[in-house]
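Q: Residue numbers for the sequence shown follow full-length UniProt numbering, so the first one is 1 and each next one is one higher.
Note that beta-carbon positions come from the ideal geometry of N, C-alpha and C, so glycine has one too.
In this text, all values refer to a predicted model and were calculated from it rather than measured experimentally.
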Amino acid sequence: MIEILNPTELTRARVTGTLVADILYGLKDRVTVGTNLLDIDRWAQKMIIDAGAESCYVDYAPSFGRGPFGHYICTAVNDAVLHGLPHDYRLADGDLLTLDLAVLKDGVAADSAISFIVGDSKPAESVALITATERALVAGIAAAGPGARIGDISAAIGAVLTEAGYPVNTEFGGHGIGSTMHQDPHVPNMGRAGRGYTLRPGLLLALEPWVMADTDKLVTDADGWTLKSATGCRTAHSEHTIAITDDGAEILTLPTVRR
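#1: In whole angstroms, give me the CA-to-CA distance for Asp120 and Leu99.
#2: Look at Leu96 and Ile117 and say whether their C-beta atoms are less than 9 Å apart.
#3: Tell me whether Ser55 sits in a helix, a strand or coil according to DSSP, three-state version.
#4: Tell me, please, whether the stretch 223-232 touches the stretch 59-69 by the rule of three or more beta-carbon pairs shorter than 8 Å.
#5: Applying the criterion that 16 or more other CB atoms from any shown protein chain within 10 Å of the CB defines a buried residue, is Gly52 buried or exposed?
#6: With DSSP as the reference, label Ser115 as helix, strand or coil.
#7: Which word fits Met1, buried or exposed, when buried means at least 16 other C-beta atoms lie within 10 angstroms of its C-beta?
#8: If Thr8 sits next to Leu254, beta carbons under 8 Å apart, how far is it from one beta carbon to the other, in whole angstroms?
#9: Taking only three categories from DSSP, how would you classify Ala13?
#10: Going by C-alpha distance, which of Ala139, Asp59, Arg30 is nearest Met47?
#11: Along the chain, which unbroken stretches of the alpha helix (DSSP H) at least 4 residues long are found entirely within the stretch 90-169?
#12: Could you tell me the alpha carbon to alpha carbon distance between Ala13 and Val20, rounded to whole angstroms?
#13: Put Pro185 into one of helix, strand or coil per three-state DSSP.
#14: Count Cβ pairs between the stretch 183-194 and the stretch 140-151 that sit closer than 8 Å; are there 3 or more?
#15: What number of angstroms, rounded off, separates the C-alpha of Val81 from the C-alpha of His237?
#16: Tell me, which residues are paired with Lys228 by DSSP?
#17: Just to check my reading of the structure: Gly202 and Ile4 have Cβ atoms closer than 8 Å, yes? What is that Cβ distance to the nearest angstrom?
#18: Below 8 Å, how does it come out for the stretch 207-216 and the stretch 136-149: are there three or more Cβ pairs, yes or no?
#19: Could you tell me how far apart the beta carbons of Leu207 and Ile242 are, in whole angstroms, since I believe they sit closer than 8 Å?
#20: For Pro86, does the count of other Cβ atoms within 10 angstroms reach 16, so buried, or fall short, so exposed?
#21: If you drop the 5 nearest sequence neighbours on each side, which residues of the same chain put their C-beta closer than 7 Å to that of Thr231?
#22: Determine which residues share a DSSP beta bridge with His175 and list them.
#23: Kindly identify the DSSP beta-bridge partner or partners of Cys74.
#24: Please classify Ala44: does DSSP put it in a helix, a strand, or coil?
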């Protein structure tokens, strides 16, 4: 299903997007060395409920997971990159943490992810991974607009990631979003310009470049959910929900206070 939002729905999408971003950055501000992933999940739960919103993850049970997910946020550490199931782990100095959050409010969902390093240590490899995904996200958004095609976005994202020296997995990528978290079209992180669905004003997309340092192969953790790099290398993931407008693309998942 591909949804095209009307102006009223787009106004609600902006509210949801800002909420997602404010929760993510509010959580980031609270995370320190020694923070337990389960505490992050509890904080996210309270922030979502207090805002009168719903988690898109608690009852999420797709074919590839051991569902339902049962938590309010994805917390992926170091070699984990997608669908990180919160568990009893205290973060250490230098850990690379990805927080991925999708929320539904007033009938419209938004989805975003940030990766950052915990504590004072800043391993160069981790910094490079995060920077590459952030740059790829900027490039993908710049390629989006009315009349552009999904392949234009995918090609822009893939060019940044491959030029940075990273293999690219195309099994999981960006997606349409609207009244539900995951919709068509699929937006792979590598593709050919000029191909695929033509973008229209009112379309919402969640773009999410993610990489692993030395492999494009994923393995599933014993928890049945968390996807990790097959080699144990570090990973990073950046994501925004955008709306296609009459003259370009609008980022919906920006925090109230710009970071």
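A: Put simply:
#1: If I take the Cα positions, the gap works out to 19 Å.
#2: The answer is yes: Cβ separation under 9 Å.
#3: Correct three-state label for Ser55: strand.
#4: Because the criterion of three Cβ pairs below 8 Å is met, the stretch 223-232 and the stretch 59-69 touch.
#5: Residue environment for Gly52: exposed (fewer than 16 other C-beta atoms within 10 angstroms of its C-beta).
#6: Three-state DSSP puts Ser115 in a strand.
#7: Around the beta carbon of Met1, a 10 Å sphere encloses fewer than 16 other beta carbons of the protein chains shown; the residue is thus reported as exposed.
#8: Contact between Thr8 and Leu254 does not hold, since their C-beta atoms are separated by about 21 Å, which reaches or exceeds 8 Å.
#9: Shown here, Ala13 sits in a helix according to DSSP, grouped into three states.
#10: Cα-wise, what sits closest to Met47 is Arg30.
#11: Correct list: 124-142, 150-163.
#12: Taking the Cα positions, Ala13 is about 11 Å away from Val20.
#13: Secondary structure at Pro185: strand, using DSSP grouped into helix, strand and coil.
#14: Three or more pairs of CB atoms, one per stretch, sit closer than 8 Å, so the stretch 183-194 contacts the stretch 140-151.
#15: For Val81 and His237, the distance between alpha carbons rounds to 7 Å.
#16: Ala80, Val219.
#17: The C-beta distance from Gly202 to Ile4 rounds to 4 Å, short enough to meet the 8 Å contact threshold.
#18: Touching, per the Cβ criterion.
#19: About 6 Å separates the two Cβ atoms, so the contact holds.
#20: With at least 16 other beta carbons inside 10 angstroms of its own, Pro86 counts as buried.
#21: By the criterion of a C-beta distance shorter than 7 Å, Thr231 is surrounded in its chain by Asp214, Thr215, once the five residues flanking it on both sides are discounted.
#22: According to DSSP, which records beta bridges pairwise, His175 is partnered with His186, Ala206.
#23: According to DSSP, Cys74 bridges with Asp100.
#24: In the three-state reduction of the DSSP assignment, Ala44 falls in the helix class, which pools H, G and I.
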